[in-house]
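First residue of the sequence shown? That's 8 in the working numbering, and the numbers climb one at a time after it.
Note that beta-carbon positions come from the ideal geometry of N, C-alpha and C, so glycine has one too.
These notes are about the structure you will find just below.
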Amino acid sequence: MLPENGRTAEELLAEIARLRRDDLPVRGGKVTAYVYDTGRPEVHEAAARAYFEMLEVNTLDPTAFPSIVAMEKQVVGAVAELLGGGPHTPGIFTSGGTESIMLAVKAARDARPVAGRPRMVLPVTAHPAFHKAAHYLGVEVAPVAVDPGTFRADPAAVAAAITPDTVLVVASAPSYPQGVVDPVAEIAALAASRGVLCHVDACVGGWLLPWLARAGAVVPPFDLSVPGVTSISCDLHKFGYAPKGASVVLFADPALRRAAYFASAAWPGYTVINTTVQSSKSAGPLGGAWATLNALGRAGYLDLARSTLEATRRLVAGIGAIPGLRVLGEPESSLVAFAGEDGVDVFVLSDEARKLGWFLQPQLSYAGIPANLHVTVTGVTLAGVDAMLEVIAAAAAAARERGPARIPDGLTGVLASLDLDALDDATFTELAASVGVELGGDGQPEMAVVNTVLDALPAGTREAILIRFLSVIYG
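In structure tokens:
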């Protein structure tokens, strides 16, 4: 609510601190999703200062603020150099992986129009951002199964799914759920043989995998140097460690990038030309990304990659030695997923770890892949990897002792049959309370029962419940 009179900066910052008291910490490595920490405060400080310096610069008109063109060229150039491009590789700085992916899908749709509804072929492990882009842009999604043992995309299944209306084939480097890299070279080659564009989603791995390779890891080919790859996305606010709102999408040629742009002169106002989905936006994220890249430099990123690689190897080995846990696939980046067996419910394990001050990200079962917990290993993880393994082992033992989460009798069937749009917010809030979630409460509730209920429901019902949940908590 707007106050009658203005408040001082000190009052406002104190209020922000109060509002954040139940937030997960963004530093220290105990939160294994959402945040990326170098463990180097001076780097984050440099990024914050640069972000603030560019905060009020509007990227809407690059002729009015030429600094944004200079910065974007440098940032895009750094990404292109790392990902198999050259000094003239075209790219766009975006607000994040979703926007980068949306522009890649738009470019593919508009670059080669088809007679029917355009189609996009992707593995079931591809990020939901592709489904979001398809929903917004009128593209049909053709999901294909992955290998049940390796969780990598199956090139034969991809080839079988390509039709005359297909405008884009997708591969991941890596896929987020299990951290494995799809066979990009094979998929890109078969796409090219059918005259179809191929996008590599390297939002997570684009900035990390090349440094891991330099640190001694075996990394399969995945970037623009691979024949048939026509675009690739890379988030800098992940393993580039830039402040949130920083990603780059690269294209194999300028014409494809132009297909991602939007311009309109069909009105009597100022000329509109956009490189991204957004129009007016702050140059703060660009400044923060530019500063982070320059503050760390090659030596800094290589050092972080070495720490990340060592932490990942120790984590994978350590989880494999804990009774009742197994790592899914063979992670090729620094994303590790593990499932439970022999009486260990991973959703209960997650709650037990939360009690000990650690956040492990739950992932629901889908397409034959079991429910699991996901860990994103970053540059700061190595210092706490032994402590993390101790917590995971203790939480697994506690989960075995507690047993699996219990769903209230009949609840799953009731939820599956409900018309959620017909419920008022009060009734939905009562349903949430029946599984232990107070939507208006303080703190963080235990989520094992909630995740177990969601895990038992089909994807469409899960989505409807989650949308309704957001609607209620935002009021």
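- Short of 6 Å from the beta carbon of Ala-298, and not among the five residues preceding or following it, lie these beta carbons of its own chain, in chain order: Ala-53, Ala-54 and Ala-57.
- Here Ser-238 is near Leu-263, since their CB atoms are less than 9 Å apart.
- Around the beta carbon of Asn-379, a 10 Å sphere encloses 16 or more other beta carbons of the protein chains shown; the residue is thus reported as buried.
- Each residue's CA atom was taken as its position, placing Ala-296 and Ser-314 some 21 Å apart.
- For Arg-201, the secondary structure class from DSSP, reduced to helix, strand or coil, is coil.
- The alpha-carbon of Phe-100 is positioned some 45 Å away from that of Ser-441.
- A residue is called buried when at least 16 other Cβ atoms come within 10 angstroms of its Cβ; Trp-214 meets this threshold and is buried.
- In the structure shown, Gly-98 adopts extended strand secondary structure according to DSSP, grouped into three states.
- Rounded to whole angstroms, Glu-359 and Thr-388 show a C-alpha spacing of 20 Å.
- Counted as a single uninterrupted DSSP element, the stretch harbouring His-244 is not any alpha helix (DSSP H), since DSSP gives it neither H nor E.
- DSSP, read as helix, strand or coil, puts Leu-90 in coil.
- Counting only the Cα atoms, Val-64 lies some 42 Å from Arg-159.
- The residues Asn-65, in chain order, have a CB closer than 8 Å to that of Ala-71 in the same chain once the five nearest residues on each side in sequence are set aside.
- Taking a cut-off of 8 Å for Cβ pairs, the stretch 264-279 and the stretch 345-359 do not touch, as fewer than three such pairs fall below it.
- Contact between Met-127 and Val-153 does not hold, since the beta-carbon distance rounds to 16 Å and is not under 8 Å.
- Distances from the CA of Gly-247 to each of Tyr-308, Val-207 and Val-83 were compared; the closest alpha carbon is that of Tyr-308.
- Scanning its chain for C-beta atoms nearer than 6 Å, with the 5 sequence neighbours on each side dropped, one finds no residue around Glu-397.
- Positions of the alpha helix (DSSP H) runs, each at least 4 residues long and wholly inside the stretch 218-281, are given as 261-267 in order along the chain.
- A Cβ-Cβ distance of about 12 Å is found for the pair Ser-102 and Cys-210, leaving them out of contact under the 8 Å criterion.
- Here Gly-156 carries a coil assignment [DSSP, helix/strand/coil].
- Here the alpha carbons of Leu-446 and Lys-139 stand approximately 26 Å from one another.
- Contact check for Ala-401 against Asp-428 fails: the beta carbons are separated by 9 Å or more.
- Look at the beta carbons and you see the stretch 241-257 touching the stretch 34-50: at least three pairs across the two are nearer than 8 Å.
- In this structure, Ala-390 lies away from Ala-312, with their beta-carbon atoms at least 9 Å apart.
- Taking C-beta separations shorter than 6 Å and ignoring five residues to either side along the sequence, the partners of Pro-217 in its chain run Leu-89, following chain order.
- Arg-333 has Ala-346 as its beta-bridge partners, per DSSP.
- For Asp-161, the CB contacts under 7 Å within the same chain, skipping 5 residues up- and downstream, are Val-151, Ala-152, Val-153 and Asp-154 in chain order.
- Taking the Cα positions, Leu-204 is about 29 Å away from Ala-77.
- With respect to the 9 Å criterion, Gln-370 and Pro-184 are classified as neighbours on the basis of their beta carbons.
- Inclusion of Ser-341 and Val-384 in the CB contact set at 9 Å is warranted, their separation being smaller than that value.
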